[in-house]
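Have a look at the structure below, then the notes.
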Amino acid sequence: MKQIARASVVDAVVDQLRRRIHNGTWPIGMKIPTEVKLIEMLGVSRPSLREAVRSLVQLGLLETRQGDGTYVVAKDEVKVVLQNVIRAADSDEVTAVRQSLDLLAAAQAASRRTDEDVADLRAALEGRRAAVRDGDIEAFVDHDVAFHLGIARVSRNSLLGSLYQSFEGVLRDSIRHFNYPVVVDDPSSELHERILLAIEQSDAEAATAAARGLLEAHLHNGSGPVAG
Numbered sequence: 025m026k027q028i029a030r031a032s033v034v035d036a037v038v039d040q041l042r043r044r045i046h047n048g049t050w051p052i053g054m055k056i057p058t059e060v061k062l063i064e065m066l067g068v069s070r071p072s073l074r075e076a077v078r079s080l081v082q083l084g085l086l087e088t089r090q091g092d093g094t095y096v097v098a099k100d101e102v103k104v105v106l107q108n109v110i111r112a113a114d115s116d117e118v119t120a121v122r123q124s125l126d127l128l129a130a131a132q133a134a135s136r137r138t139d140e141d142v143a144d145l146r147a148a149l150e151g152r153r154a155a156v157r158d159g160d161i162e163a164f165v166d167h168d169v170a171f172h173l174g175i176a177r178v179s180r181n182s183l184l185g186s187l188y189q190s191f192e193g194v195l196r197d198s199i200r201h202f203n204y205p206v207v208v209d210d211p212s213s214e215l216h217e218r219i220l221l222a223i224e225q226s227d228a229e230a231a232t233a234a235a236r237g238l239l240e241a242h243l244h245n246g247s248g249p250v251a252g
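Residues in the sequence shown are numbered consecutively from 25, following the numbering used here.
Listed below in structure tokens is the structure:
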């Protein structure tokens with residue numbers, strides 16, 4: 025019975041700590057309060073607190089740095105797991121899933137977008153073009169990723185958005201790899217514009233076709249399976 029009670033306390037502490045991470049009370053990059061302060065805040069024993077923290081470290085939400093403290097490194101444990109799975113997956117499998125997500129995101133974004141959403145996507149493309157003019161690879165990556173993640177956000181499909189965000193690291197690496205060290209051309213600019221125009225016109229069929237065209241162009245040109 026004591027073991028069951030102990031487990032219940034640890035689970036409760038895990039839930040409380042996780043809630044602070046999920047709701048942004050402890051944002052990514054923040055060092056969480058010291059062990060002494062947490063024990064005082066939560067009214068639990070040191071062993072229960074340490075076990076709860078270890079659980080969140082194993083989930084990938086916290087990271088303990090020797091001699092420094094414990095930091096928040098992720099907000100969503102599901103995203104952490106998916107990112108690890110994606111990194112370990114075969115590139116063809118990653119391509120197939122990304123293709124499916126891109127087409128679905130474009131179609132749903134066209135059906136659910138607002139004028140503000142369109143303006144945000146337009147700003148991402150304008151930033152993308154400016155990065156090409158400046159030959160700024162990091163800015164190019166940032167704006168390209170913002171455009172694609174933005175489409176997933178505009179879809180208003182929370183599950184799709186979470187899945188798509190899991191590809192962010194792979195997407196960034198791919199875009200950077202195929203454009204490094206500087207961006208000197210943007211052959212897919214017109215295709216990105218077609219996607220945005222279809223979303224702006226709330227044409228789900230045209231948005232799907234434009235997204236498919238972009239994917240086919242990248243594969244045909246050897247830009248890599250997940251480049252933006």
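Ideal Cβ placement from N, Cα and C applies to all residues, glycine included.
{"Asked": "From SER190, ALA98, ILE219 and ARG200, residue whose alpha carbon lies closest to that of GLY48", "Found": "ALA98"}
{"Asked": "Contact set for PRO249: own chain, Cβ-Cβ below 6 angstroms, skip 5 residues either direction", "Found": "Any reading at PRO249 is ruled out, since the residue's pLDDT is 38, under 50, leaving its predicted position unreliable."}
{"Asked": "Inter-residue spacing [alpha-carbon to alpha-carbon] between ILE56 and VAL165", "Found": "31 angstroms"}
{"Asked": "Within the region 88 to 150, ranges of the beta strand (DSSP E) (whole runs, at least 3 residues)", "Found": "93 to 96"}
{"Asked": "Buried versus exposed, by CB contacts within 10 Å (16 or more), GLN107", "Found": "buried"}
{"Asked": "Rounded separation between SER190 and ALA113 - CA only", "Found": "13 angstroms"}
{"Asked": "Endpoints, the alpha helix (DSSP H) within which GLY84 is located", "Found": "Per DSSP, GLY84 belongs to no alpha helix (DSSP H) and is neither H nor E."}
{"Asked": "Nearest-angstrom Cα separation, counted from GLY237 out to ARG70", "Found": "57 angstroms"}
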